[in-house]
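Engineer: Protein sequences, first through last, are from chains G and E.
Take the first sequence: its position 35, counted from the start at 1, is 48 in the numbering used here, and no numbers get skipped.
Take the second sequence: its position 157, counted from the start at 1, is 159 in the numbering used here, and no numbers get skipped.
Ideal placement from N, C-alpha and C gives every residue a C-beta, glycine not left out.
Predicted, not measured: the structure shown is a model, and the values here were computed from it.
So that we are looking at the same thing, I have put the structure below in structure tokens.
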Amino acid sequence: MSELLNNDLNSTDLARENAALISPELADTVTLTSIDKAINMLSQIVSPIANLARSNSVWPLTFGTSCCAIEMMCVGMSAFDISRFGSEVFRATPRQADLIITAGTITRKMASALITLYEQLPEPKYVIAMGACTITGGMFNDSYSVVQGVDRIIPVDVYLPGCPPRPEAILDALLKLQQKIRTENYAKRRVQAYQQRPVCYVDYDCGRPLEDLLAMAMEDTSLALDQK
Amino acid sequence: MSTNLETTNLKTDEMIINMGPQHPATHGVLRLILKLDGEIVRHVEPVIGHLHRAQEWQGQNRTLFQYQALIDRVDYLSGMFTSLAFAHACEQIDGCQIPPRAQYLRALVCEMNRISSHLLWLGTFLIDLGALFGFPFYPFREREKLLDLFEEIAGQRMMFNYIRIGGVQRDPKPSWFEKVRKFTAEFPDRIDEYEAIVTQNPIVLKRTKGVGILDKSVAMDYGVTGPSIRGSGINYDLRKTRPYGIYPELNFEIPLGQNQGDTWDRYMCRILEMRQSNNLINQCLDKMPEGEISGKKQIAGLRIKAGEGFSAIESPRGVLGCYVISNGSDKAYRIRWRNPSFCNLAVLPSLLIGRPISDIMAIFGSIDVILPDVDR
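If you want it as structure tokens, here you go:
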């Protein structure tokens with residue numbers, strides 16, 4: 014065991030695989046600790062146990078914008094009782110939550126708030142896109158103010174169709190998410206967390222990244238100052 | 003409570019706090035920019051539009067038949083009322099006759115919807131006051147029964163699309179009426195149960211009595227409607243003051259707030275309204291006539307005559323108005339909504355200024371705003 018831990022990072026196949034996952038920008042800032050290495054070694058044993066524990070206590074964020082939020086409320090009540098599956102603890106702050114259920118239409122004004130919330134969630138984090146509006150735009154598919162599918166701004170794990178979906182459908186989506194959590198590799202998920210990039214902000218009018226637009230604006234100001 | 007805070011000589015700095023748009027107690031996505039002096043609110047600026055889905059614009063780009071399915075989303079807690087307002091406006095233009103059975107069915111489902119909307123309000127209001135997971139189970143238990151009844155006639159729990167231009171969509175089976183009778187028979191006992199827990203609860207009384215007093219003149223200036231204005235003692239209910247449908251044939255009285263119009267009065271007004279609605283359902287069931295349920299053929303190419311129509315009805319939140327201009331085609335030329343929540347939200351800053359920050363959610367919960375109704 015100690016031999017394995019003292020080995021170089023690249024000596025085992027698993028570690029080499031993980032080293033490749035770390036992006037080059039972060040290579041000198043992020044190093045795999047010995048705990049990470051140990052988890053890598055033991056991931057075959059640890060993953061099923063850790064995943065079982067994690068999958069049975071997925072805490073959602075109280076994020077509801079419109080109609081679907083009422084059904085999300087109903088699923089917490091005694092008729093459907095989401096606490097049978099360990100998710101009754103709706104957290105008001107993203108720092109304590111594992112899951113965003115995007116209950117309701119996401120408009121362009123709300124999109125930046127949703128991106129901020131997603132980035133504030135600690136890893137590992139999951140998203141259920143609930144309702145037709147958040148999957149494709151749904152009934153508001155030609156509306157000028159609605160984001161046409163929430164997967165354009167944040168990654169989505171489970172899609173839950175319906176307008177609004179029945180509470181039983183929410184439970185079904187939660188069970189599918191639990192299945193997904195149980196089958197993933199805990200060590201790989203941890204390394205992927207290092208690789209995570211901030212979400213790219215895109216201007217809705219011209220479809221170009223905001224960073225580019227800012228750079229252009231700064232260039233223009235510097236040119237104008239030079240001319241003065 | 004606030005007066006004690008006012009008289010202390012503590013030196014405090016003004017602080018700006020941003021509340022929302024993701025906040026568990028704002029019932030959706032309202033953002034409040036608060037200027038605080040210690041705990042006292044000095045200035046409030048509500049920022050709306052986080053849920054603007056272009057409902058009016060969509061009405062002009064869809065056929066009337068398609069738009070009927072969409073308007074339940076204008077106010078999702080009371081979908082029957084938005085459908086009814088739209089149907090009334092279109093029938094006013096078209097001049098089609100509505101059979102009496104359809105009229106009674108409309109009143110019946112609307113009053114049931116009023117109860118389900120107030121029940122949800124009761125649960126969330128108590129959550130706002132801090133009764134997280136405990137009391138809210140009680141109103142939601144009855145709400146599920148109502149939603150099951152709606153599902154049986156409309157096929158959906160919340161987005162009914164039941165009231166159509168010219169009548170209603172389906173004729174319920176006789177067994178459905180029996181189920182409604184069973185519900186109304188036991189519902190007064192259930193309200194007694196809620197009242198035993200909430201009405202004279204010392205914590206609720208401390209949080210609501212004398213908090214958020216809505217003056218009569220202020221309420222009238224801002225155009226506040228619904229239980230919020232009736233809690234202040236103004237008898238303004240369109241079912242009585244400007245009757246529509248079959249309401250003139252029904253026997254009922256409008257409950258009013260007994261005190262100065264504080265949060266507790268608005269709570270009590272809604273509780274009494276639920277009892278009143280239960281009574282109205284029973285009257286509708288007793289008088290239910292036989293016959294046709296729709297005076298207009300429900301086909302995809304539904305058209306109405308050219309003209310303008312305006313209708314105003316009493317929704318659980320207040321006066322809901324719908325203005326339709328038709329040019330005779332299958333699409334409306336212009337649709338405009340007058341939403342009660344929008345006008346009720348306007349009065350919020352004047353209620354909050356000078357109150358401690360802990361009262362914000364008690365006051366905001368008591369005026370019963372839902373955000374898609376504000377932003378449309």
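Rounded to a whole number of angstroms, what is the C-alpha to C-alpha distance between Pro250 of chain E and Phe98 of chain G?
Structural biologist: C-alpha separation (whole angstroms): 50 Å.
Engineer: For a contact meaning CB atoms closer than 9 Å, what does Met160 of chain E contact in chain G?
Structural biologist: Per Cβ cutoff of 9 Å: Cys80, Ile83, Glu84 and Pro177.
Engineer: In this structure, how does DSSP classify Pro257 of chain E when only helix, strand and coil are distinguished?
Structural biologist: Here Pro257 of chain E sits in coil by DSSP.
Engineer: Tell me whether Met231 of chain G sits in a helix, a strand or coil according to DSSP, three-state version.
Structural biologist: Three-state result, Met231 of chain G: helix.
Engineer: Looking at Ile306 of chain E and Met92 of chain E, is the spacing between their C-beta atoms short of 9 Å?
Structural biologist: The sequence shown places Cys at residue 92 of chain E, rather than the Met named in the question. Going by C-beta atoms, Cys92 of chain E is nearer than 9 Å to Ile306 of chain E.
Engineer: If we call anything under 9 Å between Cβ atoms a contact, is Trp339 of chain E one with Gln158 of chain E?
Structural biologist: Contact: no.
Engineer: Would DSSP call Ile369 of chain E helix, strand or coil?
Structural biologist: DSSP places Ile369 of chain E in coil when its eight states are reduced to three.
Engineer: Using a Cβ-Cβ cut-off of 9 Å, state whether Leu173 of chain G counts as contacting chain E.
Structural biologist: It does not; no Cβ of chain E falls within 9 Å.
Engineer: Mind the definition here: the stretch 149-162 of chain G touches the stretch 113-123 of chain G only if three or more C-beta pairs lie below 8 Å; say whether that holds.
Structural biologist: Touching, per the Cβ criterion.
Engineer: Note down, one range per segment and in chain order, each alpha helix (DSSP H) of at least 4 residues found wholly within the stretch 176-202 of chain G.
Structural biologist: The qualifying runs are 180-195.
Engineer: Going along chain E in order, which residues have a C-beta closer than 8 Å to the C-beta of Asp155 of chain G?
Structural biologist: By Cβ distance, chain E contributes Gln60 and Asn63.
Engineer: In whole angstroms, what separates the C-alpha of Lys147 of chain E from that of Asp111 of chain G?
Structural biologist: Taking the straight line from one Cα to the other gives about 32 Å.
Engineer: By how many angstroms is the C-alpha of Trp123 of chain E removed from the C-alpha of Ile194 of chain G?
Structural biologist: Cα-Cα distance, rounded: 36 Å.
Engineer: Among the candidates E:Met276, E:Asp217, E:Tyr246 and E:Gly212, whose CA atom is the shortest distance from the CA of Arg357 of chain E?
Structural biologist: Taking only the C-alpha atoms, the option nearest Arg357 of chain E is E:Gly212.
Engineer: Cα separation between Thr84 of chain E and Ala104 of chain E?
Structural biologist: About 16 Å.
Engineer: Relative to the C-alpha of Ile95 of chain E, which candidate in E:Ala334, E:Val376 and E:Asp377 has its C-alpha closest?
Structural biologist: The option with the nearest alpha carbon to Ile95 of chain E is E:Ala334.
Engineer: Return helix, strand or coil for His90 of chain E, following the three-state DSSP convention.
Structural biologist: Here His90 of chain E sits in helix by DSSP.
Engineer: Going along chain E, which residues have a C-beta under 8 Å from Ser100 of chain G?
Structural biologist: Result: empty, since nearest Cβ-Cβ is about 13 Å, beyond 8 Å.
Engineer: With contact counted as at least three CB pairs below 8 Å, one residue from each stretch, are the stretch 289-302 of chain E and the stretch 230-237 of chain E in contact?
Structural biologist: The answer is no - the stretch 230-237 of chain E does not touch the stretch 289-302 of chain E, with fewer than three Cβ pairs under 8 Å.
Engineer: Excluding the 5 residues flanking Val200 of chain E on each side, which residues of the same chain have their C-beta closer than 6 Å to its C-beta?
Structural biologist: Excluding sequence neighbours, Val200 of chain E sits near Val206.
Engineer: Name the DSSP bridge partner or partners of Glu16 of chain E?
Structural biologist: Per DSSP, E:Asp39.
Engineer: Which residues in chain G sit within 7 Å of Tyr1 of chain E, going by Cβ to Cβ distance?
Structural biologist: Shown here, chain E extends from 3 to 378; a query on residue 1 of chain E therefore has no answer.
Engineer: Counting C-beta neighbours from all protein chains within 10 Å, is the total for Gly117 of chain G 16 or more, i.e. buried, or is it exposed?
Structural biologist: It is buried - the Cβ of Gly117 of chain G has at least 16 other Cβ atoms within 10 Å.
Engineer: Starting from Ala124 of chain G, trace the alpha helix (DSSP H) both ways and give me its first and last residue.
Structural biologist: Arg121 to Gln133 is the span of the alpha helix (DSSP H), which, as asked, contains Ala124 of chain G.
Engineer: May I ask which residues mark the beginning and end of the beta strand (DSSP E) holding Ser279 of chain E?
Structural biologist: Taken as a continuous stretch (DSSP letters only), Ser279 of chain E belongs to no beta strand (DSSP E), being part of the alpha helix (DSSP H) at Thr265 to Lys289.
Engineer: Tell me, please, whether the CB atom of Tyr78 of chain E is closer than 9 Å to any CB atom in chain G?
Structural biologist: For Tyr78 of chain E, the answer is yes, since a Cβ of chain G falls inside 9 Å of its Cβ.
Engineer: Could you check where the alpha helix (DSSP H) with Tyr140 of chain E kicks off and where it finishes?
Structural biologist: From DSSP, the alpha helix (DSSP H) with Tyr140 of chain E extends over Phe139 to Ala156.
Engineer: Skipping 5 residues on each side, what residues in its chain have a beta carbon closer than 7 Å to that of Arg277 of chain E?
Structural biologist: Taken in chain order, the residues that qualify are Pro190 and Ile193.
Engineer: Count the other C-beta atoms from every protein chain shown that fall within 10 angstroms of the C-beta of Glu144 of chain E, then say buried if there are 16 or more, exposed otherwise.
Structural biologist: Answer is buried; the Cβ neighbour count reaches 16.
Engineer: Cutting at 8 Å between CB atoms, please list the residues of its own chain near Ile95 of chain G, excluding the five before and the five after it.
Structural biologist: So the qualifying residues of the chain are Val88, Gly89, Glu101, Ile183, Leu184 and Leu187.
Engineer: Against chain G, which members of the stretch 11-45 of chain E pass a CB distance test of less than 9 Å?
Structural biologist: So the list reads Gly22, Pro23, Gln24, His25, Pro26, Ala27, His29, Gly30, Val31 and Arg33, given in the order they occur along the chain.
Engineer: Measuring CB atoms only, is the stretch 46-56 of chain E touching the stretch 269-288 of chain E, in the sense that at least three cross pairs come out at less than 8 Å?
Structural biologist: Touching, no, given that fewer than three Cβ pairs across the two stretches are closer than 8 Å.
Engineer: With a CB to CB cut of under 7 Å and the five nearest residues on each side skipped, what residues in its chain are close to Ser68 of chain G?
Structural biologist: Cβ within range, chain order: Gln191, Ile194 and Arg195.
Engineer: Whole angstroms is fine: what's the gap from Leu74 of chain G's alpha carbon to Gly263 of chain E's?
Structural biologist: Roughly 35 Å separates the two Cα atoms.
Engineer: Alpha carbon to alpha carbon, how far is Phe67 of chain E from Ser219 of chain E?
Structural biologist: Cα-Cα distance, rounded: 42 Å.
Engineer: For Pro107 of chain G, name the three-state secondary structure that DSSP assigns.
Structural biologist: Note: Pro107 of chain G maps to helix in three-state DSSP.
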